[in-house]
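Order-wise, the sequence lines are chains A and B.
When the letters of the first sequence are read in order and numbered with the working numbering, they come out as residues 4 to 479.
When the letters of the second sequence are read in order and numbered with the working numbering, they come out as residues 4 to 479.
Backbone N, C-alpha and C fix where the C-beta goes; we use that ideal spot for every residue, glycine too.
2 protein chains.
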Amino acid sequence: MAKQTEFVREVADMKADFPQWYTDVVLKTGLVDYGPVKGTMVIRPYGYAIWEIIQKELDARFKATGHRNAYFPMFIPESYLKREAEHVEGFAPEVAVVTYAGGAELAEKLVVRPTSETIICEMYAKWMQSYRDLPIKINQWANVVRWEKTTRPFLRTSEFLWQEGHTAHATEEEALAETMQMLEVYREFAETVLAVPVFVGRKTEKEKFAGAVATFGMEAMMLDGKSLQAGTSHYLGQNFAKAFNMQFLDRDGKHKYAYSSSWGVSTRLIGALIMAHGDQRGLVLPPHVAPVQAVIIPIADHRPGVREKAAELFSALEKAGIRAELDSRDYSPGWKFNEWEMKGAPVRIEVGPRDIEQGTVFVARRDTLEKQTLPMEGLAGSVSALLEEIQKNMLEKSRAFRDSHVVTAGDFEDFKEAVNGNFVKCGWCGDRACEDRIKEETAATARVMPFDEEASGTCVCCGKPAKHTVLFAKAY
Amino acid sequence: MAKQTEFVREVADMKADFPQWYTDVVLKTGLVDYGPVKGTMVIRPYGYAIWEIIQKELDARFKATGHRNAYFPMFIPESYLKREAEHVEGFAPEVAVVTYAGGAELAEKLVVRPTSETIICEMYAKWMQSYRDLPIKINQWANVVRWEKTTRPFLRTSEFLWQEGHTAHATEEEALAETMQMLEVYREFAETVLAVPVFVGRKTEKEKFAGAVATFGMEAMMLDGKSLQAGTSHYLGQNFAKAFNMQFLDRDGKHKYAYSSSWGVSTRLIGALIMAHGDQRGLVLPPHVAPVQAVIIPIADHRPGVREKAAELFSALEKAGIRAELDSRDYSPGWKFNEWEMKGAPVRIEVGPRDIEQGTVFVARRDTLEKQTLPMEGLAGSVSALLEEIQKNMLEKSRAFRDSHVVTAGDFEDFKEAVNGNFVKCGWCGDRACEDRIKEETAATARVMPFDEEASGTCVCCGKPAKHTVLFAKAY
Chain A
4 MAKQTEFVRE VADMKADFPQ WYTDVVLKTG LVDYGPVKGT MVIRPYGYAI
54 WEIIQKELDA RFKATGHRNA YFPMFIPESY LKREAEHVEG FAPEVAVVTY
104 AGGAELAEKL VVRPTSETII CEMYAKWMQS YRDLPIKINQ WANVVRWEKT
154 TRPFLRTSEF LWQEGHTAHA TEEEALAETM QMLEVYREFA ETVLAVPVFV
204 GRKTEKEKFA GAVATFGMEA MMLDGKSLQA GTSHYLGQNF AKAFNMQFLD
254 RDGKHKYAYS SSWGVSTRLI GALIMAHGDQ RGLVLPPHVA PVQAVIIPIA
304 DHRPGVREKA AELFSALEKA GIRAELDSRD YSPGWKFNEW EMKGAPVRIE
354 VGPRDIEQGT VFVARRDTLE KQTLPMEGLA GSVSALLEEI QKNMLEKSRA
404 FRDSHVVTAG DFEDFKEAVN GNFVKCGWCG DRACEDRIKE ETAATARVMP
454 FDEEASGTCV CCGKPAKHTV LFAKAY
Chain B
4 MAKQTEFVRE VADMKADFPQ WYTDVVLKTG LVDYGPVKGT MVIRPYGYAI
54 WEIIQKELDA RFKATGHRNA YFPMFIPESY LKREAEHVEG FAPEVAVVTY
104 AGGAELAEKL VVRPTSETII CEMYAKWMQS YRDLPIKINQ WANVVRWEKT
154 TRPFLRTSEF LWQEGHTAHA TEEEALAETM QMLEVYREFA ETVLAVPVFV
204 GRKTEKEKFA GAVATFGMEA MMLDGKSLQA GTSHYLGQNF AKAFNMQFLD
254 RDGKHKYAYS SSWGVSTRLI GALIMAHGDQ RGLVLPPHVA PVQAVIIPIA
304 DHRPGVREKA AELFSALEKA GIRAELDSRD YSPGWKFNEW EMKGAPVRIE
354 VGPRDIEQGT VFVARRDTLE KQTLPMEGLA GSVSALLEEI QKNMLEKSRA
404 FRDSHVVTAG DFEDFKEAVN GNFVKCGWCG DRACEDRIKE ETAATARVMP
454 FDEEASGTCV CCGKPAKHTV LFAKAY
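Structure below.
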């Protein structure tokens, strides 16, 4: 196990330098690499395999809720961005702009989509004649570009991959219901698949999406007590409908503006996974999103029968729907143990001559590092059960960690202390001035105003009566 | 069926004006729409659903042949493009260029990828240390941009979706084998899934990919006798390896340049489908790629039991793995018949009160327009069988059409006549001058030099001894 020691030495101490630990882990496990242009990333096969599972899981949920996929051009005429005043203010500073193409300067500059509300509403306006054409419920899987000064793989990059849902409805009620439904789809997905429990709620005006009436989000707690915005769902009201003349003929014979929503999650989720579950040995992947759920490592595979038995077990696991891998590469078992531990495979199975004699295998789980012996007979069934147990355990562990890092604060002095490494749940008067001051003095921001939380007590900043209960935290 | 007449009237006569027929069909069936920026397209849900099936089918084949997906940035430093001389010459005139981002002018201009050999080889060079790291076999699903003067939805657009495989190998032999393997994957896919028989072979020097040693392609014949390049597989030799210093330490302790390949197909394939199978009534989709394979239309659904029975049959089809749709929209049956015919659904099933009494359904197939009565009992099985029969029939029909439109030509005068509406198979001396002259005088180009065709006879253009047998055709 010389290699394990080496890996641990190569990776920064997560307690002492969490950001460096993150960077070391994502690079050394082959999830990602830096692209040649500053701020860009290459998503390597192991990282992309996680994204494919995320896509598959989410896509099934989108389709089950009546959405269809489509694809809109990534080049948006610059003038479109300007039609919604808040929207352009929010996005203009971050856009990348194409000024010439096909050897000639363009008459109108083209913005590379930072998000697609503008171009999609333009198209919906064309497709929408009467109430019969509504609702329109479309999702798009795409790349987007937001030019950022400070970047970090998965968390904030100039280009990233995401999905963006865009819907148009005849009534405010329906559009709001859609907004809430998709937030719930995200929350359930985060907990069920990523084993990341999240806080959901409404964003403050300061933190909402540029152009939205209201933004709702889910926030995940990372192991350093900071928050990561893991998904958002926006109620856009008629803001974009008015900017893009998105009207329909209603049953009553009147032309009306539609109500719209948009919602998205991105490759950031891979960052959330890493920082919610990792440890000093590297990644710890929840089985539901792990590209390799169980790796089989043959021991002394020059001995008769070992390769055959390993292949037989591999095939049994695969047949049972387990994402299994048989690692028969020309490296030592110890080297492989280390690599798969670092890569966070939930279950490692060792098969050697003695195991074959005894009709058992040696099984190590990544989350608790516990080891056990299991009979070869019915291995697929016991591994499936073990994977479910790991998934459950990881969610519970994350939830316990999270719950123990949500604190309250009586006044601003308490707050300043408490917000280091914790989420602080407290009262807020609703004034932007207090929100700004909190950010300025503590670097913490209002993450969400949780649903079903009555405002009580006083504003943690100014001491006036609280209008909202807010979760504040430092955020990625 | 008033609506059918209307649709036929709305669509150009395919015999008289095939290009207009194509445009009418793709727009009116909701496959695609024009984007706001000239030359761009919006792939609407029905069109995107076809693309999703194409992706799923191809992706499974790529994985089965040992490839993994990844994602590389779409912004490529302009200098990269220039490192391979032929490559820049081929692509520079078509690129879109980002000159400022994040509110500032960029120090180096960024090209939006027209293809990714350059950036991928740059990364491979970094990842490749020794022979143990080879082969690298990666595929990417992505959008690309090529600024074109004349555009047409799916066939040629400024931005399109595709997959690009990029592999690196230790030996020339392996890289060539990979190039050929992927061409065969494409050919098998085109025939099995799209029901489009293709000609495969090598491209001439004039027609090869900019930067390749050799390009191999598959060409599909459209119903107007023109050719559509449906997929290409390039053997790149060490050209990009040398330009990007892609070296590895071989077993013999020497540093060597790797050999690489690249291969791709795009949303063009949707255009091929339409033009290979369509008719005056609209789309005719092969079952293996049809988003809706069987549509159930309830007749007189206000009558008791109709809706229930239709829902029951729908659920039976779905359970059998058929992509079924129950069309219970508030339109007349005739309107729906027309719409699904126009949209090319392979099988239409009608269920009304009399059918229920008799325990049968009325079934119409789109390819032959034949109608039959089938028992409700075991419907899923008989529909599955019918879908396979339709798939087979469509391939055979396409093959017969194609074979009857491949002609020979004794001399250039024959050729000029024959190449209208046909592929011409003939001898070519191998000189660029003849190839250029053929294009100039007939607008036809060398599509492929089919494998296993001995050169015989004389060059169709100059009469000198032929070095190659070539398929010439006018092409999209």
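Which listed residue (the options) has its alpha carbon closest to that of residue i
i, options, result
"residue 210 of chain B", "B:189, B:147, B:236", "B:236"
"residue 81 of chain A", "B:318, B:421, B:39, B:438", "B:39"
"residue 403 of chain A", "A:164, A:228, A:264, A:238", "A:228"
"residue 301 of chain B", "B:345, B:311, B:414", "B:311"
"residue 418 of chain A", "A:442, A:398, A:396, A:399", "A:442"
"residue 83 of chain B", "B:74, B:313, B:126", "B:126"
"residue 271 of chain B", "B:449, B:18, B:51", "B:51"
"residue 407 of chain A", "A:413, A:467, A:424", "A:424"
"residue 153 of chain A", "A:135, A:41, A:258, A:86", "A:41"
"residue 465 of chain B", "B:440, B:472, B:459, B:477", "B:440"
"residue 248 of chain A", "A:65, A:132, A:60", "A:132"
"residue 453 of chain B", "B:221, B:123, B:119", "B:221"
"residue 185 of chain A", "A:374, A:61, A:136, A:323", "A:61"
"residue 105 of chain B", "A:99, A:259, A:108", "A:99"
"residue 252 of chain A", "A:383, A:174, A:85", "A:174"
Interface flag, residue i vs chain B, CB-CB below 8 Å
i, result
"residue 39 of chain A", "yes"
"residue 51 of chain A", "yes"
"residue 249 of chain A", "no"
"residue 272 of chain A", "no"
"residue 338 of chain A", "no"
"residue 126 of chain A", "yes"
Same chain only: Cβ atoms within 8 Å of residue i, ignoring 5 sequence neighbours per side
i, result
"residue 208 of chain B", "435"
"residue 32 of chain A", "49, 285, 286, 345, 346, 347"
"residue 400 of chain B", "370"
Own chain partners of residue i with C-beta closer than 7 Å, once the 5 adjacent residues on each side are dropped
i, result
"residue 156 of chain A", "29, 35, 44"
"residue 490 of chain A", "A query on residue 490 of chain A cannot be resolved here, the shown segment of chain A reaching from 4 to 479 and no further."
"residue 377 of chain B", "363, 364, 366, 385"
"residue 415 of chain B", "463, 464"
Test: residue i CB closer than 8 Å to a CB of chain A
i, result
"residue 122 of chain B", "yes"
"residue 373 of chain B", "no"
"residue 114 of chain B", "no"
"residue 74 of chain B", "yes"
"residue 317 of chain B", "no"
"residue 46 of chain B", "yes"
"residue 343 of chain B", "no"
"residue 77 of chain B", "yes"
Distance CB(residue i)-CB(residue j) smaller than 8 Å
i, j, result
"residue 117 of chain B", "residue 148 of chain B", "yes"
"residue 475 of chain B", "residue 429 of chain B", "yes"
"residue 445 of chain A", "residue 422 of chain A", "yes"
"residue 171 of chain B", "residue 265 of chain B", "no"
"residue 431 of chain B", "residue 451 of chain B", "no"
"residue 458 of chain A", "residue 467 of chain A", "no"
"residue 354 of chain B", "residue 409 of chain B", "no"
"residue 115 of chain B", "residue 114 of chain A", "no"
Sequence-distant residues of the same chain with beta carbon closer than 6 Å to residue i, five excluded per side
i, result
"residue 290 of chain A", "296, 349, 390, 393, 394"
"residue 231 of chain A", "223, 225, 275, 479"
"residue 27 of chain A", "14, 15"
"residue 269 of chain A", "163, 165"
"residue 328 of chain B", "295, 298"
"residue 140 of chain A", "69, 70, 170"
"residue 215 of chain B", "237, 239"
"residue 7 of chain A", "Residue placement at residue 7 of chain A cannot be trusted, given a pLDDT of 44 that sits under 50; the coordinates are not used to answer."
"residue 219 of chain A", "186, 205, 236"
"residue 21 of chain A", "227"
Under 9 Å from the C-beta of residue i: neighbouring residues of chain E
i, result
"residue 26 of chain B", "In the displayed structure, chain E is absent; the protein chains listed are A and B."
Point to revise | Under 7 Å (Cβ pairs) to chain B, residues found in the segment 154-178 of chain A | key: Hits within the stretch, in order: 162, 164.
Check your understanding: Can you list, in chain order, the residues of the segment 92-105 of chain A whose Cβ is nearer than 9 Å to any Cβ on chain B?
Key -> Residues passing the 9 Å Cβ filter: 95, 96, 97, 98, 99, 100, 101, 102, 103, 104, 105.
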